[in-house]
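> So the sequences go chain by chain: Y and G. Quick note on UniProt numbering: the first sequence kicks off at 1 and runs consecutively. Quick note on UniProt numbering: the second sequence kicks off at 1 and runs consecutively. Shown below is the structure under consideration.
There are 2 protein chains.
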Amino acid sequence: MKILIKNVDIITCDNHKKIIKNAYLAIENGYITYIGNDEKKDFKPDRVIDGKNKVLIPGLINAHTHCAMTIFRNFANDLNLEEWLFNNILPAEEKLLPEDVYWGTLLGISEMIKTGTTAFLDMYLHMDKVAEAVADAGIRANLSKNPLDFDENGKVINEDYSFFEKWHNGENGRLKTSLEVHSVYLYNEESLTRSAECAKKLGARINIHILETVREREDSFKKYKMSPAEIALKTGILDVPVTAAHCVHLSQKDIEIIKEKKVDVVHNPSSNLKLGSGIAKVPELLKSGINVALGTDGAASNNNLNMMEEMHLAALIHKGVNMDPTCVSAYDVLNMATVNGAKALDFEGEIGVIKEGMKADVILIDMDKPHMWPVNDLVSAVVYSVQGSDVDTVIIDGNIVMEKGEIKTIDEERVKFEVEKTAKRILG
Amino acid sequence: MKILIKNVDIITCDNHKKIIKNAYLAIENGYITYIGNDEKKDFKPDRVIDGKNKVLIPGLINAHTHCAMTIFRNFANDLNLEEWLFNNILPAEEKLLPEDVYWGTLLGISEMIKTGTTAFLDMYLHMDKVAEAVADAGIRANLSKNPLDFDENGKVINEDYSFFEKWHNGENGRLKTSLEVHSVYLYNEESLTRSAECAKKLGARINIHILETVREREDSFKKYKMSPAEIALKTGILDVPVTAAHCVHLSQKDIEIIKEKKVDVVHNPSSNLKLGSGIAKVPELLKSGINVALGTDGAASNNNLNMMEEMHLAALIHKGVNMDPTCVSAYDVLNMATVNGAKALDFEGEIGVIKEGMKADVILIDMDKPHMWPVNDLVSAVVYSVQGSDVDTVIIDGNIVMEKGEIKTIDEERVKFEVEKTAKRILG
Numbered sequence: 001m002k003i004l005i006k007n008v009d010i011i012t013c014d015n016h017k018k019i020i021k022n023a024y025l026a027i028e029n030g031y032i033t034y035i036g037n038d039e040k041k042d043f044k045p046d047r048v049i050d051g052k053n054k055v056l057i058p059g060l061i062n063a064h065t066h067c068a069m070t071i072f073r074n075f076a077n078d079l080n081l082e083e084w085l086f087n088n089i090l091p092a093e094e095k096l097l098p099e100d101v102y103w104g105t106l107l108g109i110s111e112m113i114k115t116g117t118t119a120f121l122d123m124y125l126h127m128d129k130v131a132e133a134v135a136d137a138g139i140r141a142n143l144s145k146n147p148l149d150f151d152e153n154g155k156v157i158n159e160d161y162s163f164f165e166k167w168h169n170g171e172n173g174r175l176k177t178s179l180e181v182h183s184v185y186l187y188n189e190e191s192l193t194r195s196a197e198c199a200k201k202l203g204a205r206i207n208i209h210i211l212e213t214v215r216e217r218e219d220s221f222k223k224y225k226m227s228p229a230e231i232a233l234k235t236g237i238l239d240v241p242v243t244a245a246h247c248v249h250l251s252q253k254d255i256e257i258i259k260e261k262k263v264d265v266v267h268n269p270s271s272n273l274k275l276g277s278g279i280a281k282v283p284e285l286l287k288s289g290i291n292v293a294l295g296t297d298g299a300a301s302n303n304n305l306n307m308m309e310e311m312h313l314a315a316l317i318h319k320g321v322n323m324d325p326t327c328v329s330a331y332d333v334l335n336m337a338t339v340n341g342a343k344a345l346d347f348e349g350e351i352g353v354i355k356e357g358m359k360a361d362v363i364l365i366d367m368d369k370p371h372m373w374p375v376n377d378l379v380s381a382v383v384y385s386v387q388g389s390d391v392d393t394v395i396i397d398g399n400i401v402m403e404k405g406e407i408k409t410i411d412e413e414r415v416k417f418e419v420e421k422t423a424k425r426i427l428g
Numbered sequence: 001m002k003i004l005i006k007n008v009d010i011i012t013c014d015n016h017k018k019i020i021k022n023a024y025l026a027i028e029n030g031y032i033t034y035i036g037n038d039e040k041k042d043f044k045p046d047r048v049i050d051g052k053n054k055v056l057i058p059g060l061i062n063a064h065t066h067c068a069m070t071i072f073r074n075f076a077n078d079l080n081l082e083e084w085l086f087n088n089i090l091p092a093e094e095k096l097l098p099e100d101v102y103w104g105t106l107l108g109i110s111e112m113i114k115t116g117t118t119a120f121l122d123m124y125l126h127m128d129k130v131a132e133a134v135a136d137a138g139i140r141a142n143l144s145k146n147p148l149d150f151d152e153n154g155k156v157i158n159e160d161y162s163f164f165e166k167w168h169n170g171e172n173g174r175l176k177t178s179l180e181v182h183s184v185y186l187y188n189e190e191s192l193t194r195s196a197e198c199a200k201k202l203g204a205r206i207n208i209h210i211l212e213t214v215r216e217r218e219d220s221f222k223k224y225k226m227s228p229a230e231i232a233l234k235t236g237i238l239d240v241p242v243t244a245a246h247c248v249h250l251s252q253k254d255i256e257i258i259k260e261k262k263v264d265v266v267h268n269p270s271s272n273l274k275l276g277s278g279i280a281k282v283p284e285l286l287k288s289g290i291n292v293a294l295g296t297d298g299a300a301s302n303n304n305l306n307m308m309e310e311m312h313l314a315a316l317i318h319k320g321v322n323m324d325p326t327c328v329s330a331y332d333v334l335n336m337a338t339v340n341g342a343k344a345l346d347f348e349g350e351i352g353v354i355k356e357g358m359k360a361d362v363i364l365i366d367m368d369k370p371h372m373w374p375v376n377d378l379v380s381a382v383v384y385s386v387q388g389s390d391v392d393t394v395i396i397d398g399n400i401v402m403e404k405g406e407i408k409t410i411d412e413e414r415v416k417f418e419v420e421k422t423a424k425r426i427l428g
């Protein structure tokens, strides 16, 4: 399919912070093949989209979520992480069937597409069902699973690589896989070591939660006599590419480890705030040159999967906490949600930047609304004023997945019906 | 006009946190005259609104803004308050004409109505033009102005009560007036004292900024040898009802003064974060029994006038900063944006609570969307998941001001055109 977008202002998110006003952008066979102020010669598009009063940016990348947790949205609020997780969420999750995860994931994807997210990194249960939902919805994702099962001593009792074989690089390259290591607290030294070896063998990225709470830090010192970052280093977890969610309670030594091992950090401001976990030292991480991406976490601790909201929050809180309005700029945050996220999902060089040769994951935002008027500064408007509902058109892998707010790949009414049924069955 | 809303779930925001499911609500001559699960007998409505899949809550109350600053939306970002205010905003404001303020206010009102705000407290320039915009738009407001002009020693050089005479209790009681005292740093002991006397004489509430920044605190000690709260107390400012915006840097003594004098505090989380001012100690204020309302501040330091976004933020940040997910509940925040705001605007007992006999300022939120599905908890859904764009219907003073997202009282295209012209003239 050939698409021409005309009359559009483009925030490219490339290294030079380039903004191109009133441009033409051509998409062919899933790739961006032309950007310029003059019309592309001899280009016969199948579809022309008028970008007047719209801004085109890279599709947003949600670098940490548990998508199917939409089922538990607004269940068990205003509790701390341990009470929330161990006494409410985990018992509910035990009742989840594979089909529930399929529909819950589709609900989350619906929300993500509508608010401009075109790729996400997910770890959850029944990952084959998550992959089916991703395939059906036409979104891009990196999905994490651990092929190993362990006994209580961390000895491998089962290996199953079928998920990786079936899905890695599938769906025209929209789908990648990575190795889930939930956290050092749900593992032990042996199972961490075996998982790291397995990741090396597969050539897989590891997706892990690190230092979300103070308690995680304390428990790690009790269990391992060292911090979660240190035990991850010791067991070889950090010898492969790693995406580490949260990183709220890093010591100076932990920051050095993460920098040295080029770990991709995912900042999840809503979830960390809502669960009372704390606030990651994002200005310090950015200053250290660490790649910081942005994520929503699951809908049960947020309670949205809305990256526009997450950008807004990330752009505000560090200024207030550090009493320094210059410490995280609007552009920093836009990069976190796009190009930095691409790295954290193993899609670097494919998506996250608008330039010729990149895959066509782009969104159009309708700026013609009172709440962003007048548009005195384009990047600030996108980060501080735009709402998720302002996303008009979503193109993923060169396909128009949403247009005028209407998703073409998902039967929303069916999805809502199925998820409500599940929520009623499990939560009563 | 008689309106019947049927099949609707109501969050009442009254003392008992009452939620009424699947109810009928009748509005007659601007008042709520009936709420119940059975249809009202012998009631012949002019209009029937189906509330299926909708939630009805009190219209949100924005207790601190400078509405016409929409003109400067997304201008001069990522700067600290003093640099932002004195070197960017004030020079731009000097160029504002009365007509500019009229259109800028209408733009702000458009955004507020669309995101569920039905009343606001405003202080700005050319307040007669603000009042005209409020009158034309059909929104409710309390508008602040100081009738006194002072020389540099604080001596009164002019008095003009025409604004108060013209607008107080006007527009069927939709419009109230209050006395602006911008801040103790733009005043001196003499002008504070004269303003307090004037407020007493008028029987007017005072609207003031207090302790927004650390620098304000330091400057106050240099200028007055005491904190802003203490000099306000000393000069009689706190002897009338007072709405104090920000209150970020209160000492324990300041908190006691504010509690003792029953000052209504307005929390402005976005603005305080964005300008790097800091974070108000809201959990402590609430625990002290102080009335805390919620505000957006002006669009130039936010950059929205969206109370849904503000509620969301207020519900999250204190949990994270205090590492306590229980310290400010979803219901606390909903009260801040409704019943607490009514007190801060001098509309206590008239609006902010859904019950019979109250004025009909109500909004309907469309819950039938993926991002709030499933609705496992109604109050949490409204505070954590609802977006401003989910507001479907807005009724103010018994009049349907917005329906299906369409404002009936404002020509949005004209407003955007006029404001853009102003922004171009002033900002280039």
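We put the CB at the ideal spot given by N, CA and C, even for glycine. Given the structure is predicted, the values throughout are model-derived calculations rather than measurements.
Can you tell me whether residue 252/G is buried or exposed? The criterion is at least 16 other CB atoms within 10 Å of its CB, across all chains shown.
With fewer than 16 Cβ atoms within 10 Å of its Cβ, residue 252/G is classed as exposed.
> Report the neighbours of residue 326/G on chain Y: residues whose CB is nearer than 7 Å to its CB, in chain order.
78
> Straight-line CA distance for residue 29/Y to residue 241/Y?
30 Å
> Answer yes if the region 98-118 of chain G comes into contact with the region 291-305 of chain G, meaning at least three C-beta pairs across the two stretches below 8 Å, and no otherwise.
yes
> If we call anything under 8 Å between Cβ atoms a contact, is residue 113/G one with residue 45/G?
no
> With a CB to CB cut of under 8 Å and the five nearest residues on each side skipped, what residues in its chain are close to residue 371/G?
385 and 387
> With DSSP run on the structure shown, which of helix, strand or coil describes residue 204/G?
DSSP, read as helix, strand or coil, puts residue 204/G in coil.
> Does any residue of chain Y have a CB that is nearer than 8 Å to the CB of residue 323/G?
Yes, contact with chain Y.
> Pop quiz: residue 359/Y and residue 411/Y are said to be a contact at Cβ under 8 Å. What is the actual Cβ separation, rounded to whole angstroms?
Residue 359/Y to residue 411/Y, Cβ: 26 Å. No contact.
> Residue 96/Y versus chain G: which residues are under 7 Å apart at the beta carbon?
The contacting residues do not exist; residue 96/Y stays about 14 Å from chain G at best.
> Which of the three DSSP states, helix, strand or coil, is assigned to residue 353/G?
DSSP, read as helix, strand or coil, puts residue 353/G in coil.
> Can you confirm whether residue 374/G, when its beta carbon is compared against all beta carbons of chain Y, has any partner nearer than 8 Å?
Closer than 8 Å: yes.
> Pick from 156/G, 147/G, 171/G and 255/G: whose alpha carbon is nearest that of residue 179/G?
147/G
> Within a Cβ cutoff of 8 Å, which residues of the same chain sit near residue 32/G, ignoring the five residues on either side of it in sequence?
25, 26, 354, 355, 356, 357, 358, 359, 360 and 362
> Take residue 63/G and list the residues in its own chain whose beta-carbon comes closer than 7 Å to its own, dropping the five residues that flank it on each side.
121, 243, 266, 293, 294, 295, 341, 344 and 345
> Reducing DSSP to helix, strand and coil, say where residue 254/G ends up.
helix
> Quick check on the DSSP output: what are the complete alpha helix (DSSP H) runs of length 4 or more inside the region 337-389 of chain Y, in order along the chain?
339-344
> Who are residue 6/G's beta bridge partners in DSSP?
50/G
> What residue from 204/G, 194/G and 270/G has the CA that sits closest to residue 156/G's CA?
When each option's Cα is compared against that of residue 156/G, the closest is 194/G.
> Terminal residues of the continuous alpha helix (DSSP H) containing residue 160/G?
That residue, residue 160/G, is in no alpha helix (DSSP H); it is neither H nor E in DSSP.
> Distance cutoff 8 Å, beta carbons only. Does residue 114/G sit that close to anything in chain Y?
Chain Y contact via Cβ: present.
> For residue 170/Y, which residues does DSSP report across the bridge?
175/Y
> Return the residues of the region 347-376 of chain G that lie within a Cβ-Cβ distance of less than 9 Å from chain Y, sorted by chain order.
368, 369, 370, 371, 372, 373, 374, 375 and 376
> Under 7 Å between beta-carbons, which chain G residues line up against residue 389/Y? List them in chain order, please.
Per Cβ cutoff of 7 Å: 387 and 389.
> Report all residues from its chain with a CB closer than 6 Å to the CB of residue 208/Y; omit the five preceding and five following residues, and keep chain order.
181 and 244
> What is the residue span of the beta strand (DSSP E) that residue 403/G lies within?
399-403
> Report the rounded CA-to-CA distance for residue 348/G versus residue 339/G, giving the unit in angstroms.
In this structure, the alpha-carbon of residue 348/G lies about 7 Å from that of residue 339/G.
> Output the boundary residues of the alpha helix (DSSP H) element that contains residue 318/G.
Where residue 318/G is concerned, the enclosing alpha helix (DSSP H) starts and stops at 307-321.
> Taking the beta carbon of residue 58/G as the centre, do at least 16 other beta carbons fall within 10 Å, making it buried, or is it exposed?
buried
> State buried or exposed for residue 389/G, treating a residue as buried only when at least 16 other CB atoms are found within 10 Å of its CB.
buried
> Could you spell out where the beta strand (DSSP E) holding residue 392/G opens and where it closes?
391-396
> Return the CA-CA distance between residue 41/G and residue 34/G, expressed in angstroms with no decimal places.
Rounded to the nearest whole angstrom, the CA to CA distance from residue 41/G to residue 34/G is 10 Å.
> Shorter than 8 Å from the beta carbon of residue 73/G to some beta carbon of chain Y?
yes
> Can you name the residues of chain G whose CB is closer than 7 Å to the CB of residue 319/Y?
What residue 319/Y touches in chain G, judged by beta-carbon distance under 7 Å, is 273, 274 and 276, going in chain order.
> Which chain G residues are close to residue 419/Y, counting only those with a beta carbon under 8 Å from its beta carbon?
373 and 374
> Please classify residue 129/G: does DSSP put it in a helix, a strand, or coil?
helix
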